[in-house]
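Read in the working numbering, the sequence shown has 168 at position 79, and its numbers run on one by one without any break.
Heads up, the beta-carbon is just placed ideally off N, CA and C, and yes, glycines get one too.
Have a look at the structure below before the remarks.
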Amino acid sequence: MDLRNITDEAPLLQAIFSRNTEEVAFLLSHNEQVNALDENQSTPLHAAAYLGDVPIMELLCSSGADVDAKDRSLVTPLHRAAASRNERAVELLLTHGAMVNLLLRHSANIKAKDKKERQPTHWAAHLGHVEVLKLLVSHGADVMSTDRQGYTPLHAAASNGQMDVVKYLLKLGVQTDALNCSGSSALHVACQMGQDAVANELVNCGANINHGNSSGDTPLHLSAASSNGTLCLELLINNGADLNLQ
């Protein structure tokens, strides 16, 4: 969802993007359509979740907003809440958590999948929103859920170097060597992306350093092929990676 020229939008969306809570309340009280769709099939609640505006979300939810509405990419407001990029400081994370909690209280589908079959847990993990991920898990989210490519939240966090999320998931006891559709583990992904700190954490937690994926590539192969893989390569060699695997 991109910020657009709000003068081209319906009055309710204009009020939301202007963060005008009073105007939103006024429009809703005068029967403005709370679930009106824009050209991307997004609802006003999608917009409020994207902005991280909890008071406006409260107004929309109490006025009958569909918390499970899906846009053209099958993204729900909960996906937006779990992955909002508008956090600028730690205190906004608390607002962000309140936003997710609000949607969950209104029975949002915690396992909703977007077009790539990613759940809110994948979005939170990839972007490093560990407190939001904890909140989702506390409401029953599946930390071993897979997207269309077979990525678990651990794969998602490992690929983007989200150490706090990786540590949290490992502490929960997730399968360290779970494989995606290419037969790659989180360690494969971390080494391919040059995420040496994550790779070190995975190795310390017993990740299989010699497993070959569907192409026969081990984490060592992927580290050697990566422009950022030097430290991962050193880590694997120091931990006994088999140098003779082809």
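**Asked** Which residues in the same chain as ALA245 place their Cβ atom closer than 6 Å to its Cβ, once the five residues preceding and following it in sequence are excluded?
**Response** HIS211, ALA214, HIS215
**Message:** Spatial neighbours of GLU290 within its chain, please: C-beta separation below 6 Å, excluding the five flanking residues on both sides.
**Reply:** VAL255
**Request:** Determine the direct distance from the alpha carbon of VAL232 to that of GLU323, and round the result to whole angstroms.
**Result:** 30 Å
**Asked** Cα separation between MET252 and ASP285?
**Response** 10 Å
**Request:** Classify THR319 as buried or exposed, calling it buried when 16 or more other Cβ atoms lie within 10 Å of its own Cβ.
**Result:** exposed
**Item:** Terminal residues of the alpha helix (DSSP H) in which ALA137 lies
**Value:** 133 to 140
**Asked** Does the Cβ-Cβ distance between ALA275 and ASP266 come in under 9 Å?
**Response** yes
**Message:** According to DSSP, is LYS260 part of a helix, a strand, or is it coil?
**Reply:** helix
**Prompt:** Three or more beta-carbon pairs under 8 Å between the region 137 to 147 and the region 104 to 116, yes or no?
**Reply:** yes
**Request:** Could you check what DSSP says for SER227 in three-state terms: helix, strand or coil?
**Result:** helix
**Prompt:** Quick one, are the C-beta atoms of GLU206 and ARG161 less than 9 Å apart?
**Reply:** no
**Request:** Please classify MET233: does DSSP put it in a helix, a strand, or coil?
**Result:** coil
**Three-state secondary structure (DSSP) of HIS300** = coil
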